[in-house]
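Visitor: Residue numbers (our numbering), protein chains in the order written: chain A, 576 to 1030; chain B, 30 to 131. Take this structure, written in structure tokens, and hold onto it; I'll ask about it next.
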Amino acid sequence: MNEIRVLSATGMLGSGFREETMRRGMALEPHFIGVDSGSTDPGPYYLATGDTHFSDSAYKRDWRLILLAARAAKIPAIVGSACTAGTDSQVERLVRITREIAREEKLGFKLAVIRSEQNKDYLKQKLRAGKITPLANAPKLDAAVIDRSAHIVGMCGIEPFVEALQHGADVVIAGRSSDTSVFSAMPVMKGFNPATVWHAAKILECGAACVVLRKYPDCMFARITNDEFIIEPPNPDYRCDPVSVASHNLYENSTPYELVEPSGVLNTFSARYEALSDRAVRVSGSTFKPADRYTIKLEGAELAGYQSLIIGSVRDPIILRQLDSWLDGLNQAVHDRIVAVFGADVVGKYQYEVRIFGKNATMGRLESETAIGHEVGLLFQVTAQSQELATALMKSVGHMAVHYPVPEWTGLITSIAYPYSPAEITRGPSYRFNMNHVVEPATPLEMFGIEYHTV
Amino acid sequence: MPKLWQVTKLIRSKNSGPFELTFDVIFKDRATYEKVRDAHIINQEWFAKTYQLKPAVVVIINYDAASAIKITIPRPTISGDINDTDVFGGQQYGPLVELEVP
């Protein structure tokens, strides 16, 4: 085997791709189809709760087309970071969808399921043994943080995928995995140069993101040989050029030159990007340095509190010209009212914040622009350790805010427009990411259980 | 003097995981990229002042292969935490857009 061909279905399972593009990609005879299904981008909610970024219908649409194409060509279909965060429940969800599709389409295959959710006792023991170390800007990690976490996943490398493929799996569904490992596992298993493979995987993992102008999510295709890979979009409306491919190394990465994986570091410093045609690019020259110690990145999320929100807007020019001092007065009045109603004990049991849309809602304290327009939006936010308390506090905030005076007007005013009744909106629990650490397992497979099912 | 947006094809910000924020400034052509790069218009001090950080934590990388400058900083708040304003980190590049370049 001197060339391995890879079809990347799309950047994220459920975001979509064109059926016609997949047909064109399959005509190029890939050796497997890979797709990533996860991200931390939409925040900690998905890891904390097991809810998913896309609907079951969206996952099913994409996954059905992938499974049908892969089974027809008798090639593996590999998905990583199942259903957003890769928790066990999200993996189960994709397994259930897979079984439904198999039943509906009369497909039969060997399914491997890789689990990435972590045992808390295992992690606490690793912590005690000094085998967990922080990455950049990591919050403090101790046993209490591990205990409080709603879910903790480990981000697997290629090894569990390789294990599953060597066991003859036709379909692999993995929990949290590095985006690139989905695409690197089979080529590395087949003996291709890891430097070429990992670089190709980084370009493939976002589907059509590496084209010159991505108008909608779609498939991507690569031919990998030992010393180079050729990337070319199967969609004839898309094209890659050397800059678009090189630019993709920048995407959601802290550096374009290094990609850290459990088993080593890809270095693209000396990579060459050459146009092979007006739409295909040849990439070569990266290096891969195996890691001195094998590490798995941890992701955890915990409850931050329960929230109640009010959305409102202010249009009165008299209020707007003194917006900051008016809000300062309001915030003090809110504090006084809350203490009067709930007692002094409540101080420290809640957090209250007002965000001003039209002023600094995007950048907060970092905003340097001071001008505002003819109206502003206000977002009142109360966070407390129970929903009952958050909602109760917000009812007082809402009434205080809507009638808070300005000196220029005499008589009772209604100073904020509330679009909803009731004004307060229950947001429910809010979560936070609570670790950015790596752990040293005794073996690359130690943290990831693999099960096989005949579907 | 032109503004940065006039000589670039993309200025963006994005999470690099929940604990870091990264900015990509991708220039329209190599010559302008080199001019801006060599003039050190985008530097640690400017970033530190704008994003209220210590200069030492600002990482600036010149990426010749894409005629791009990348800047990575610690995220002002952890993505999605209760005081975060921008979960994806996608709208934090505003101050760069109007930066004057040679």
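All C-beta atoms, glycine included, are put in the ideal place defined by N, C-alpha and C.
According to DSSP, what are the bridge partners of residue 693 of chain A?
Guide: Answer is none; residue 693 of chain A lacks a bridge partner.
Visitor: Counting only C-beta atoms, is residue 831 of chain A closer than 7 Å to chain B at any point?
Guide: Yes, residue 831 of chain A lies at the interface with chain B (some Cβ there is under 7 Å from its Cβ).
Visitor: Does any CB atom of chain A fall closer than 7 Å to the CB of residue 65 of chain B?
Guide: With 7 Å as the cut-off, residue 65 of chain B does not count as an interface residue toward chain A.
Visitor: Could you name the residues of the region 908-939 of chain A whose beta carbon sits closer than 9 Å to any beta carbon of chain B, in the order they occur along the chain?
Guide: Hits within the stretch, in order: 926, 928, 930, 935, 936, 937, 938, 939.
Visitor: Among residues of its own chain, excluding the 5 on either side of residue 52 of chain B, which ones have a beta-carbon nearer than 6 Å to its beta-carbon?
Guide: Result list for residue 52 of chain B: 42, 100, 122, in chain order.
Visitor: Kindly say whether residue 879 of chain A, judged by its beta-carbon, lies nearer than 7 Å to any beta-carbon of chain B.
Guide: It does; some Cβ of chain B falls within 7 Å.
Visitor: In this structure, what does DSSP give as the bridge partners for residue 583 of chain A?
Guide: Residue 583 of chain A is bridged to A/609, A/795.
Visitor: Could you give the distance in angstroms between the alpha-carbon of residue 955 of chain A and the alpha-carbon of residue 1027 of chain A?
Guide: One C-alpha to the other measures close to 50 Å.
Visitor: Per DSSP, residue 629 of chain A forms a beta bridge with which residues?
Guide: Note: residue 629 of chain A sits in no beta bridge, so no partner.
Visitor: Can you pull the DSSP bridge partners for residue 925 of chain A?
Guide: Paired residues: A/959.
Visitor: Can you give me the C-alpha to C-alpha distance between residue 953 of chain A and residue 724 of chain A, rounded to a whole angstrom?
Guide: Straight-line Cα distance between these residues: approximately 32 Å.
Visitor: DSSP three-state label for residue 999 of chain A, please.
Guide: Strand.
Visitor: Starting from the beta carbon of residue 943 of chain A, find every residue of chain B whose beta carbon is closer than 8 Å, and list them in chain order.
Guide: Correct list: 79, 124.
Visitor: Considering only C-alpha positions, which residue in the set A/644, A/806, A/748 is nearest to residue 774 of chain A?
Guide: Checking every option, the nearest Cα to that of residue 774 of chain A belongs to A/806.
Visitor: Going by DSSP, what residue range makes up the alpha helix (DSSP H) through residue 883 of chain A?
Guide: Unbroken run through residue 883 of chain A is the beta strand (DSSP E), 871-889; no alpha helix (DSSP H).
Visitor: Could you tell me whether any Cβ in chain A is nearer than 7 Å to the Cβ of residue 117 of chain B?
Guide: Cβ-Cβ to chain A under 7 Å: yes for residue 117 of chain B.
Visitor: With a threshold of 7 Å between beta carbons, is residue 60 of chain B in contact with chain A?
Guide: No, residue 60 of chain B does not count as interfacial toward chain A.
Visitor: In whole angstroms, what is the alpha-carbon distance linking residue 935 of chain A and residue 599 of chain A?
Guide: If you take the alpha carbons of residue 935 of chain A and residue 599 of chain A, they lie about 47 Å apart.
Visitor: Report the three-state DSSP secondary structure of residue 930 of chain A (helix, strand or coil).
Guide: Residue 930 of chain A falls in the strand class under three-state DSSP.
Visitor: From the DSSP secondary-structure annotation, give me the bridge partner or partners of residue 44 of chain B.
Guide: Beta-bridge pairing links residue 44 of chain B to B/50.
Visitor: In the DSSP assignment, what residue or residues form a beta bridge with residue 749 of chain A?
Guide: Its beta-bridge partners are A/689.
Visitor: Spell out whether any CB of chain B is found under 7 Å from the CB atom of residue 873 of chain A.
Guide: Output row for residue 873 of chain A: interface = no.
Visitor: At least one CB of chain B closer than 7 Å to the CB of residue 955 of chain A: is that the case?
Guide: Cβ-Cβ to chain B under 7 Å: no for residue 955 of chain A.
Visitor: Along the alpha helix (DSSP H) that carries residue 736 of chain A, what are the first and last residues, could you check?
Guide: First-last of the alpha helix (DSSP H) with residue 736 of chain A: 734-741.
Visitor: Residues of the region 806-822 of chain A in Cβ contact with chain B at a cutoff of 7 Å, in chain order, please.
Guide: The residues in question are 818, 821, 822.
Visitor: Where does the unbroken beta strand (DSSP E) through residue 91 of chain B begin, and where does it stop?
Guide: Residue 91 of chain B -> beta strand (DSSP E) spans 88-92.
Visitor: Based on Cα-Cα distance, which residue from A/708, A/772, A/983, A/991 lies nearest to residue 950 of chain A?
Guide: For residue 950 of chain A, the nearest C-alpha among the options comes from A/991.
Visitor: Please name the residues in the region 38-57 of chain B whose beta-carbon is closer than 7 Å to at least one beta-carbon of chain A, in chain order.
Guide: So the close ones are 43, 44, 45, 46, 47, 48, 49, 51, 53, 55.
Visitor: Output needed for residue 586 of chain A: all residues of its chain with C-beta closer than 6 Å, excluding positions within five of it in sequence on either side, in chain order.
Guide: Cβ neighbours of residue 586 of chain A beyond the five flanking positions: 781, 782, 784, 792.
Visitor: Say whether chain A places a C-beta atom closer than 7 Å to the C-beta of residue 95 of chain B.
Guide: At least one chain A Cβ lies under 7 Å of residue 95 of chain B.
Visitor: Sort A/945, A/837, A/974 by Cα distance to residue 910 of chain A and report the nearest one.
Guide: Comparing Cα-Cα distances from residue 910 of chain A to each of A/945, A/837, A/974, the minimum goes to A/974.
Visitor: Would you kindly check if the distance between the Cβ of residue 1007 of chain A and the Cβ of residue 709 of chain A is under 7 Å?
Guide: Their beta carbons are not under 7 Å apart, which means residue 709 of chain A does not touch residue 1007 of chain A by this criterion.
Visitor: Could you check what DSSP says for residue 731 of chain A in three-state terms: helix, strand or coil?
Guide: DSSP places residue 731 of chain A in strand when its eight states are reduced to three.
Visitor: Here's a check: name, in chain order, each residue in its chain whose Cβ is nearer than 8 Å to the Cβ of residue 767 of chain A, leaving out the five neighbours to either side.
Guide: These residues qualify, in order along the chain: 579, 799, 800, 801.
Visitor: Can you find the residues in the same chain that come closer than 8 Å, C-beta to C-beta, to residue 968 of chain A, ignoring five residues on each side of it along the sequence?
Guide: Cβ neighbours of residue 968 of chain A beyond the five flanking positions: 883, 913, 917, 921, 925, 927, 957, 959.
Visitor: Please tell me whether residue 1012 of chain A and residue 707 of chain A are closer than 7 Å, where the distance is taken between their beta carbons.
Guide: Yes, the pair counts as a contact, with Cβ atoms nearer than the cut-off.
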